[in-house]
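Novice:
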Amino acid sequence: MVLKVLALNIVEDGDSVEIPKVGYRDRVELNCQTAYNRSIVEKALRCGCFHCGSTFAGSDVTVWLSECDGEDSACCPFCGEDAVIVGTKRFPLSTALLSILFMEWFPEEYEAAKENFTNAPEYSNRDDYLRKGVPFRYERGEREFVGEVGLWVDSVFSASWNEEFDSLLPVREEELEFADAGGEVSVKACFDDEGCYTCEIKSASGNLLPYAPWSGRDQDLLLDLSNRYGDDLKGLIVDGGFGGRMRLYVEREAEAEMCSRPLDIEIDWMPGWDESQIEKVSKAYSEAMGLE
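Note that numbering that gives the first Met the number 0 numbers the sequence shown so that position 220 is 219, with each residue one more than the last.
#1: Below 8 Å, can you find three or more Cβ-Cβ pairs linking the segment 92-100 to the segment 48-63?
#2: Okay, do the segment 34-48 and the segment 66-83 touch, 3+ Cβ pairs below 8 Å being the bar?
#3: Is it right to say R216 is buried, meaning 16 or more other beta carbons lie within 10 angstroms of its own, or is it exposed?
#4: To the nearest angstrom, how far is it from the Cα of L97 to the Cα of D192?
#5: How big is the Cα-Cα spacing for I200 and R227?
#6: Apply the 10 Å Cβ neighbour rule to K131 and answer buried if 16 or more other Cβ atoms are within range, or exposed otherwise.
#7: Quick one: what's got a C-beta closer than 6 Å to D59's C-beta in the same chain, skipping five residues either side?
#8: Between W63 and E28, what straight-line distance do the alpha-carbon atoms span, to the nearest angstrom?
#9: Could you name the residues that DSSP lists as bridge partners for R244?
#10: Tell me the rounded alpha-carbon separation between I18 and A188.
#11: In three-state terms, what does DSSP make of D191?
#12: Since Y248 and V145 are thought to touch, with beta carbons under 8 Å apart, how far apart are those beta carbons, to the nearest angstrom?
#13: From the DSSP secondary-structure annotation, give me the bridge partner or partners of T197.
#14: Have a look at G205 and K42 and give me their C-alpha separation to the nearest angstrom.
#15: According to DSSP, simplified to helix, strand and coil, what is F49?
#16: So, is P134 buried or exposed, given that buried needs 16 or more other C-beta atoms within 10 angstroms?
#17: In the DSSP assignment, find the alpha helix (DSSP H) that holds P209 and state where it starts and stops.
#18: Span of the alpha helix (DSSP H) holding V346?
#19: Using a Cβ-Cβ cutoff of less than 6 Å, which residues in the same chain neighbour G86 once the five nearest sequence positions on both sides are dropped?
#20: Is the CB-CB distance between R139 and A119 below 8 Å?
#21: Which term fits A158, buried or exposed, when burial requires 16 or more other beta carbons within 10 angstroms of its beta carbon?
#22: Going by DSSP, which residues form a beta bridge with F55?
#23: Could you tell me if K88 is buried or exposed, where buried requires 16 or more neighbouring beta carbons within 10 angstroms of its beta carbon?
#24: Hey, out of S185, V152, D14, N115, whose CA is closest to D230's CA?
#25: Would you identify the three-state DSSP class for K113, choosing helix, strand or coil?
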């Protein structure tokens, strides 16, 4: 039988969905649910695959693994893996639950996807990361990166430092709101009017993230690329939080526009040239540079 693999069906959880606290024994128990499960899957209104993150009705399963010592095991209609579960009373099915199990039982695939991705959805914190199923949604394309920098959570430290007592104060909850944020961001580094280095990293939603470049070398790279590409410089946060990483790229549309933009140059024309001669030389120059 040829398995027809469908496009993924990852359904994001609502904000009210609790992030399950799944211990090792719980993960093993849930993983055991993937075997000999035909009787529970066929009558389930909602199933999920923790290999690809898709959810679906039990009736959508059409391919089964024939087991010699028990019931058949369900194959996911979206990726073909035998990683289908229906959840339990203690751990109801959710995309967050599937994300946690994927990272536990398919760690090599997860790490490889995270290491090589070129696109990922925006997320504001760790809970949002799991609810949106971001571990399943790392995409790989033709995007070319121009650099990578380390990150640290600037506001957690600078906003919590008490100079009078030379010690750290307890971190307030609101300071940590975006301390694990990630996905695509805009990046701008410059010197302010007082000559101080500043770096702004904003999410696609416009939220200012509490990240700062890790080292002086990272600061220099961000400053150089910001000066070179301006608002077209973008970032892709690989890992949020303290010790995170951000890959840097330039939007392809912007690169194409820059290449096709006429050069703003001044030419000292030869004395006595009339307008027709100037126009002829300008046209030849444009053709040679591929601007026409």
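C-beta: ideal position from N, C-alpha, C; glycine also.
Computed from a prediction, not measured in an experiment: that's the story for all the values here.
Specialist: A quick look at the data gives this:
#1: Yes: the two stretches touch, three or more of their Cβ pairs being nearer than 8 Å.
#2: The answer is yes - the segment 66-83 touches the segment 34-48, with three or more Cβ pairs under 8 Å.
#3: By the 10 Å Cβ count, R216 comes out exposed.
#4: So the alpha carbons of these two residues sit roughly 49 Å apart.
#5: A direct Cα-to-Cα measurement between I200 and R227 gives close to 17 Å.
#6: That one is buried.
#7: P76, listed in sequence order.
#8: Whole-angstrom Cα-Cα distance: 21 Å.
#9: In the DSSP assignment, R244 is bridged to G149, D238.
#10: When rounded, the distance between both Cα atoms is 36 Å.
#11: Per DSSP, reduced to three states, the secondary structure at D191 is coil, with no helix or strand assignment.
#12: Going by Cβ atoms, the distance from Y248 to V145 rounds to 6 Å, so yes, they are a contact pair.
#13: C189, per the DSSP bridge assignment.
#14: Approximately 44 Å, taken between the alpha carbons.
#15: DSSP, read as helix, strand or coil, puts F49 in coil.
#16: By the 10 Å Cβ count, P134 comes out buried.
#17: Careful: P209 lies outside any alpha helix (DSSP H) and carries neither H nor E.
#18: The question about residue 346 has no answer here: the residues shown for the chain are numbered 0 through 291.
#19: These residues qualify, in order along the chain: L92.
#20: No. Outside cutoff.
#21: Per-residue confidence for A158 stands at a pLDDT of 42, beneath the threshold of 50, marking its modelled position as unreliable; the derived number appears in the next sentence. Counting the other CB atoms within 10 Å of its CB gives A158 a total below 16, which places it among the exposed residues.
#22: Residue pairing of F55 in beta bridges, as defined by DSSP: C46.
#23: Answer is exposed; the Cβ neighbour count stays below 16.
#24: Taking each of S185, V152, D14, N115 in turn and checking the Cα distance to D230, the smallest one comes out for S185.
#25: It is helical.
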